[in-house]
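The sequence shown maps to residues 6 to 332 in the numbering used here.
Note that beta-carbon positions come from the ideal geometry of N, C-alpha and C, so glycine has one too.
Treat the numbers as computed from the prediction; the structure is a model and nothing was measured.
Working notes, structure below.
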Amino acid sequence: MADDDIITSGKPTGLPVIAVVVPCYNEEEALPLSLGRLMDVLDTMARRGLASVDSYVLCVNDGSRDNTWQVIADSHRSNPRVKGISLAHNRGHQYALLAGLMTAMPVCDAAISIDADLQDDPEAMIEMVEKFRDGAEIVYGVRSSRATDTWFKRNTAHAFYTFQKRMGLDTVYDHADYRLMSARALELLSEYGEGNLFLRGIIPQIGLETAVVTYERAARVAGESKYPLSKMLSFSIDGITSFSSRPLRIIFFVGVALLILDVVMGLYVFSAYFGHEAIPGWTSLMLSTWFLGSLILIALGVVGEYVGKIFMEVKHRPRFAISKRLM
Ligand code: UDP
Ligand code: MG
């Protein structure tokens with residue numbers, strides 16, 4: 006069979022249907038370029054017999070204020086393999102992504118999420134699908150180097166991942182939201198009912214077999230970033246506080262450490278008192294300030310432990326995930 010026959014045949018081939026999910030917020034400039042390149046990669050996959058000719062691109066318009074939806078609708082008219090959904094208002098990248106993944110779940114074998122600006126190399130999708138066909142259920146796209154980043158950016162990013170890890174949030178290093186998930190992984194993801202969405206934290210918790218594909222991160226194809234530094238910082242704080250109550254526990258340990266310091270402080274205060282170096286009232290004030298301070302922190306830490314438990318309970322996360330059955 007000639008290479009092109011596979012693309013044009015339109016018959017079910019038993020090959021996996023891949024959905025490429027693209028969240029779009031004010032991307033009228035980038036989309037026309039990106040859609041062309043994404044379709045090219047899907048065609049390459051079909052030609053190599055990796056993915057079905059029914060594979061498609063699903064654009065999620067995240068309440069854009071420009072002509073993004075118009076661009077999606079026009080593309081769909083000329084090529085029905087470009088599909089689209091439009092959110093009623095701007096909900097943010099993570100929610101747009103989830104909307105797209107959940108829409109694609111029943112009508113794909115695997116979904117790949119990628120940004121509309123193509124900063125993540127679309128060619129890496131081919132390797133992702135190869136790993137998926139070799140049995141991986143989740144394939145993470147990881148940036149191979151930060152050669153184009155400044156020294157400052159590289160090191161702050163590194164410090165940030167380490168800090169998050171210490172705070173109890175485990176994410177894949179240098180992985181953003183460029184990844185493949187099998188339909189099964191998507192089903193497990195759909196069990197997470199939490200409102201405060203941080204996909205990079207949830208997906209490693211799903212389990213299943215994972216693989217990694219590395220690529221070079223490029224500059225935006227067009228338009229400008231929708232993620233200024235302030236949004237990135239609050240995103241990261243959101244990440245830590247939706248996955249871990251460790252900051253609360255730290256309060257307790259600081260309280261205990263202060264209580265131990267109290268003893269040292271007490272010795273010093275008493276020696277000053279007995280050495281007649283202390284003015285009247287200083288000794289009792291010093292002792293009570295230190296002692297009460299540490300008691301308050303310990304009490305807050307204890308309350309924090311319970312708040313942390315409630316916080317985890319209200320998320321109603323799935324308590325287990327079955328990956329195989331022999332029944
Ligand atoms: N995005 C979105 N909703 C938003 C902000 C961004 O869907 O409220 C999309 C955006 O269109 C792009 C992706 O999220 O496809 C990543 O945004 P961007 O490239 O601006 O972020 P950066 O790469 O600069 O961190
Ligand atoms: Mg970008």
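| Own chain residues within Cβ distance below 8 Å of M44, not counting five before or after | When the five nearest sequence neighbours on each side are left out, the beta carbons in the same chain lying within less than 8 Å of the beta carbon of M44 are those of V62, N84, R86 and V87, in order along the chain.
| request: Give a yes or no on contact between the stretch 29-40 and the stretch 64-80, applying the rule of three or more CB pairs nearer than 8 Å. | output: Contact between the stretch 29-40 and the stretch 64-80 is established, with three or more Cβ pairs separated by less than 8 Å.
| said: Please determine whether the Cβ atom of R225 lies at a distance below 7 Å from any heavy atom of the ligand MG. | reply: Yes, the Cβ of R225 comes within 7 Å of a heavy atom of the ligand MG.
| Less than 8 Å separating the beta-carbons of V218 and A109? | For V218 and A109, no; Cβs fall outside 8 Å.
| task | Look at the alpha carbon of D175 and the alpha carbon of A181, and state the distance between them as a whole number of angstroms. | result | In a straight line, the C-alpha of D175 is about 13 Å away from that of A181.
| request: Check whether the Cβ atoms of Y346 and L202 lie closer than 8 Å to each other. | output: This structure gives no information on residue 346, because the portion of the chain shown stretches from 6 to 332.
| query | Buried or exposed: which applies to Q169, given that a residue is buried once 16 or more other Cβ atoms fall within 10 Å of its Cβ? | reply | Buried: at least 16 other Cβ atoms inside 10 Å.
| task | Identify which residue in I90, I143 and M291 has its Cα closest to the Cα of R189. | result | I143 is the residue among I90, I143 and M291 whose C-alpha sits nearest the C-alpha of R189.
| Within this structure, are the beta carbons of F47 and V25 separated by less than 8 Å? | A small correction: the amino acid at residue 47 is Leu; Phe does not occupy that position in the sequence shown. Against a cut-off of 8 Å, the Cβ pair of V25 and L47 comes out as a contact.
| query | Just to confirm, does N72 get its C-beta within under 7 Å of one of the non-hydrogen atoms of the ligand UDP? | reply | At a cut-off of 7 Å, the beta-carbon of N72 does not count as near the ligand UDP: no heavy atom of the ligand is closer than that.
| said: Buried or exposed, going by whether 16 or more other CB atoms sit within 10 Å of the CB of H281? | reply: Its Cβ having fewer than 16 others within 10 Å, H281 is exposed.
| request: May I ask whether a heavy atom of the ligand UDP can be found less than 7 Å away from the beta carbon of Q124? | output: Because some heavy atom of the ligand UDP lies under 7 Å away, the Cβ of Q124 counts as near it: yes.
| task | Just confirm the distance between the C-beta atoms of L20 and S57, as a whole number of angstroms; I'd bet it's less than 8 Å. | result | About 4 Å; that satisfies the 8 Å criterion.
| task | For G244, I'd like the list of residues in its chain whose CB is within less than 8 Å of its CB, leaving aside the five on either flank, ordered along the chain. | result | These residues qualify, in order along the chain: Q169, L174, T176, F203, R205 and G206.
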